[in-house]
Each structure stands twice: as C-alpha cells, then as structure tokens.
Amino acid sequence: MLSPDCAGRTALVTGSARGVGRAFALALADAGADVAVHYNTSEAAAEATAEEARERDVDAVAVSADITSEEAVDGCFDTIEETLGPVDILVNNVGDFAPEHWADIDIETWRRVIETNLTGTMLCSKRALGPMRGSEWGRIVNVGYAAAERAAVAPKNFPYFVAKTGVLMFTRMLAADTTDDGITVNAVSPYVVETSDAFPETAPRGRWAAPDDLVQAMLFFVDEDSGYISGENIEVDGGWLPESV
C-alpha cells in the first residue's frame, strides 16, 4: 500500500465511523496523520475507529456534525482545531443515496441525497480552505461516482447521480480556484464498493471494489509529491465501461 508521510498533518474524513470512510481514516493514521473521525449518528462506531487510529501512535478524536448545516460544520472544525490543530487533509466521503425509481422519491429524500453529497462537500471544503490557505498547504479529496465522468444514466438513484456529477464539477472548479495556494483538490470515484447492498451483474472483475482499492487512490492524492496534480478524478471501477448503468 502507498505510504505517504503525513506526520504532523491533521486529517478529517467525513463519515468515517464505518466502511470506506473508516478505511480512509485508518490509512491516514498509518501514514502518520492525526485523525478526526466524523460521524452523525454512529457515535460508538466512530469512537471505536478513533481508538483504532490511536493504536497507530497518532492522536485521534471522534467528532459529530450534520454536514448539511453550516453552523454544525463550523462547530465540528472548531473542535478539531482545538484538539488536533487545523485540518490539512480533508476527505469528503459522506453521501446518502436513494436507489428507488426517480418517480418514487419524495422531496425530503431528494434534498437529503443532494445535500449530504454536494452541499456537505461544499461546506466542509469552504471551512477547511481558510487555514489551508494560511499555511499554503492542503489536500482535499472528494468521493465521487464513476458514472459521473461518463454521464452514464439510469432510471434509478437520480439525486445521487445528479449530486455526484455536481461533486465532480465542484472538484474541478475548486481546483481552478486554488492554483496559487499550495492546495490540491481531486476526486476518487468508485463504481460499486463491497459495502453496497447488492452485487450488480455488470461489475467488472467479478467482485466489488474493496475499501482498500479506494484508499490507494486517496493516498496518492494526499502525498507531498502529488502537489502538482489537481482537478483530477481517479475512477476506481475495475475498467467498467457502461453505456448506461
């Protein structure tokens, strides 16, 4: 596994109590970063992940926030800054989905999916940028979706596809706004990950992507030597080339 030197850095991974986010947080701890394990409702799992991170001889804290609320995001970052220091590495991992047919999705579900995926990414990035610009160093990695790059479509999961396409555009626009700041902004976009509910027949290589497959791409982007790479998207999809989903 890639092992960038993140000693002395503080990392925040949103939605890192379980699954892919947990894998991200522990990989960053392995690389030497102090880690903020974010959760919304899964306090016990987040505390367990933070404890696992501390076993890597780094500092770690579990922090709670509704990332769709600007006030809550500010409070979350305030806590991290008081306990670990300013966030140098931000991984925007949180994002709900709605696999139903679009006509069956109510407006509350639509808003929740859009806001957790896209609005949360914007709010956390905005809050992180001030200290990053002050230190002239920062890494932001957003979790996208492989279909967004190719504009693949499906009759289900409309708000998720829309939100992840927005995340990809946001990634590139923010990269264009940080070209002189020592900050890079990139995306890691899976197709299906082993935490998904059902194994799709269209999945390549006969398996889901494992969380560690995504970790490799994330670690590449946060490495010190990747400082000239920004606005890029790595599709961790096993070579999936759909006409539609």
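When we follow this note's numbering, the leftmost residue of the sequence shown carries the number 59, and every step to the right adds one. Don't be surprised by glycine CBs; every beta carbon is placed ideally from N, CA and C.
For residue i, the three-state DSSP class (helix, strand or coil)
i    : result
S247 : strand
S183 : helix
D92  : strand
N291 : strand
Y97  : strand
I241 : strand
L226 : helix
A234 : helix
P62  : coil
A75  : coil
T126 : coil
Y286 : coil
S302 : Model confidence at S302 stands at a pLDDT of 48, short of 50, so the residue's coordinates are unreliable and nothing is read from them.
E140 : helix
E166 : helix
R80  : helix
R114 : coil
D281 : coil
G192 : helix
D132 : helix
G296 : coil
Residue i - partner residues in DSSP beta bridges
i    : result
L148 : L70 and I198
V119 : A94
A104 : Answer is none; A104 lacks a bridge partner.
A267 : V251
K214 : H159
Among the options, nearest to residue i - alpha-carbon criterion
i    : options                   : result
I147 : A205, F155 and F135       : F135
H159 : P248, S247 and F219       : F219
P62  : I163, T236, V280 and M190 : V280
G285 : I241, V250 and N291       : I241
G73  : V149, V199, E173 and D92  : V149
L86  : Y97, D115 and E101        : D115
W168 : A103, A221 and G196       : A221
A161 : P217, T177 and C182       : P217
V199 : G143, A83 and A106        : A83
Q274 : V246, E290 and D283       : V246
T126 : E140, L277, I172 and P144 : I172
D295 : D283, G264 and F278       : G264
V71  : E128, V145, A65 and C64   : V145
P189 : M59, A65 and A69          : A69
W366 : E140, E282 and E105       : Only positions 59 to 303 of the chain appear in this structure, which leaves residue 366 out of reach.
A267 : R191, G297, R197 and T141 : G297
T141 : D154, D117 and A130       : D117
Rounded distance between the beta-carbons of residue j and residue i, thought under 8 Å
i    : j    : result
P248 : A204 : 6 Å
R67  : A103 : Actually they do not touch by this definition, with Cβ atoms about 24 Å apart.
E101 : A120 : 7 Å
S288 : A233 : 4 Å
V93  : V251 : Not really, about 20 Å apart at Cβ, beyond 8 Å.
V152 : T174 : 6 Å
D207 : E293 : Looking at the sequence itself, residue 207 is Glu, so the reference to Asp does not match. Correct: roughly 6 Å between the Cβ atoms.
N291 : G202 : 6 Å
L60  : F278 : 6 Å
Heavy atom of the ligand NAD within 7 Å of residue i beta-carbon
i    : result
D132 : This structure simply doesn't include the ligand NAD, nor any ligand for that matter.
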